[in-house]
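Trainee: Here it is, the structure in full.
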Amino acid sequence: MDWLSPQEWEAVALSLRVSFWATLCSLPVGVFIAYALARWQFPGKQIVNGLVHLPLILPPVVTGYLLLLTLGTQAPLGGFLKDLGIVFAFRWTGAALAAAVMGFPLMVRAIRLSLEAVDPKLEQAAATLGASPLWIFVTVTLPLILPGVIVGTILGFAKAMGEFGATITFVSNIPGQTQTLPSAIYAFLQVPGGESSALRLVVVSLIVAMSALVLSELLAARVAKRVRGV
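Residue numbering for the sequence shown follows UniProt numbering, starting at 1 and increasing by one per position.
Written out as structure tokens, the structure reads:
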């Protein structure tokens with residue numbers, strides 16, 4: 001990408017790094033939460049479901065502010081983590097956390113829909129043969145929901161790449177440290193002559209977003225064919 005300046009490339013690279021870790025760390029939790037919502041009945045289930053989807057409804061700035069109130073260095077929990085050497089506020093790790101929170105509902109939704117499409121009788125048949133719940137999930141359920149897991153993962157990654165409001169509120173817009181792709185676009189639009197840089201980054205954003213959507217469709221279709229034995 002020689003047509004990008006070092007500062008622009010730095011923002012793209014940081015966004016990829018943030019999105020990768022946001023997606024990787026949230027995926028196991030997303031699969032667990034999706035399974036719990038799709039298969040289990042427990043007190044407070046609707047509350048959990050509401051909390052999972054809350055970032056989709058709240059303004060992203062509000063989500064970022066809540067993260068700052070909870071995990072900022074002056075907050076009780078944030079101060080406790082700081083004493084352990086774990087700091088999120090105004091760090092790239094905080095950007096990854098904010099991106100993970102914002103992409104989490106999309107990930108969970110896609111995986112949950114796949115789980116609800118799986119016939120529970122298949123899992124029950126495996127249970128009658130003496131398989132443990134974990135083994136049933138790994139050998140029966142997971143292969144069947146793999147298309148949904150792939151779609152959820154890629155959508156979560158794409159959402160993380162485009163996250164702006166929660167990120168800039170929680171970790172600010174520090175070049176080289178927390179300035180992700182959307183933050184860089186915003187910064188370039190605030191300075192005279194920055195429109196060309198902003199436009200180049202917009203093009204990169206469009207390419208990444210469209211690539212993620214096309215890739216999710218192709219991978220999901222391929223895995224679905226394998227599951228059906230086509």
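All C-beta atoms in this analysis are idealised placements derived from N, C-alpha and C, irrespective of residue type, glycine included.
If you're wondering where the values come from, they're calculated on a predicted model, not measured in any experiment.
(1) Hey, out of I86, G64, S172, S211, whose CA is closest to T73's CA?
(2) Taking the beta carbon of V31 as the centre, do at least 16 other beta carbons fall within 10 Å, making it buried, or is it exposed?
(3) Would T167 be called buried (16 or more neighbouring beta carbons within 10 Å of its own) or exposed?
(4) Would S216 and V151 qualify as a contact pair, given that the criterion is a beta-carbon distance under 7 Å?
(5) Please confirm whether A22 and A100 have their CB atoms less than 7 Å apart.
(6) Can you find the residues in the same chain that come closer than 8 Å, C-beta to C-beta, to R200, ignoring five residues on each side of it along the sequence?
(7) Could you tell me if I145 is buried or exposed, where buried requires 16 or more neighbouring beta carbons within 10 angstroms of its beta carbon?
(8) Can you grab the Cα-Cα spacing for the pair L181 / S19, in whole Å?
(9) What whole-angstrom Cβ distance do K159 and M102 have, given they're in contact under 8 Å?
(10) Going by DSSP in three states, E163 sits in which element: helix, strand or coil?
(11) I need the straight-line Cα distance from L67 to A98, nearest angstrom please.
(12) Measuring straight from C-alpha to C-alpha, what distance separates W135 and I47?
Mentor: Put simply:
(1) Within the sequence shown, numbered from 1, the residue matching residue 73 stands at position 73. Closest option to T73, Cα to Cα, is I86.
(2) Counted from its first residue, the sequence shown places residue 31 at position 31. Buried, by the Cβ-count rule.
(3) The residue given as residue 167 occupies position 167 in the sequence shown. Counting Cβ neighbours within 10 Å, T167 comes out buried, since at least 16 surround it.
(4) For the purposes of this step, residue 216 is taken as the residue at position 216 of the sequence shown. For the purposes of this step, residue 151 is taken as the residue at position 151 of the sequence shown. Less than 7 Å separates the beta-carbon of S216 from that of V151.
(5) Locating residue 22 in the sequence shown gives position 22, counting from the first residue. Locating residue 100 in the sequence shown gives position 100, counting from the first residue. Yes; because the gap between Cβ atoms is below 7 Å, this pair is in contact.
(6) For this step, residue 200 is matched to residue 200 along the sequence shown. Taken in chain order, the residues that qualify are W3, L4, E8.
(7) Position 145 of the sequence shown, counted from the first residue, corresponds to residue 145. The residue in question, I145, is buried, as its Cβ has 16 or more Cβ neighbours within 10 Å.
(8) Taking the first residue of the sequence shown as 1, we reach residue 181 at position 181. Taking the first residue of the sequence shown as 1, we reach residue 19 at position 19. For L181 and S19, the distance between alpha carbons rounds to 11 Å.
(9) Position 159 of the sequence shown, counting from 1, holds the residue named residue 159. Position 102 of the sequence shown, counting from 1, holds the residue named residue 102. Right, their Cβ atoms sit about 6 Å apart.
(10) Residue numbering aside, residue 163 sits at position 163 when the sequence shown is read from its first letter. E163: coil per DSSP, three-state reduction.
(11) As a first step, residue 67 must be located in the sequence shown, where it is residue number 67. As a first step, residue 98 must be located in the sequence shown, where it is residue number 98. Cα to Cα, the separation comes out at about 8 Å.
(12) On the sequence shown, residue 135 is found 135 positions in, with the first residue counted as 1. On the sequence shown, residue 47 is found 47 positions in, with the first residue counted as 1. Roughly 29 Å between the two C-alpha positions.
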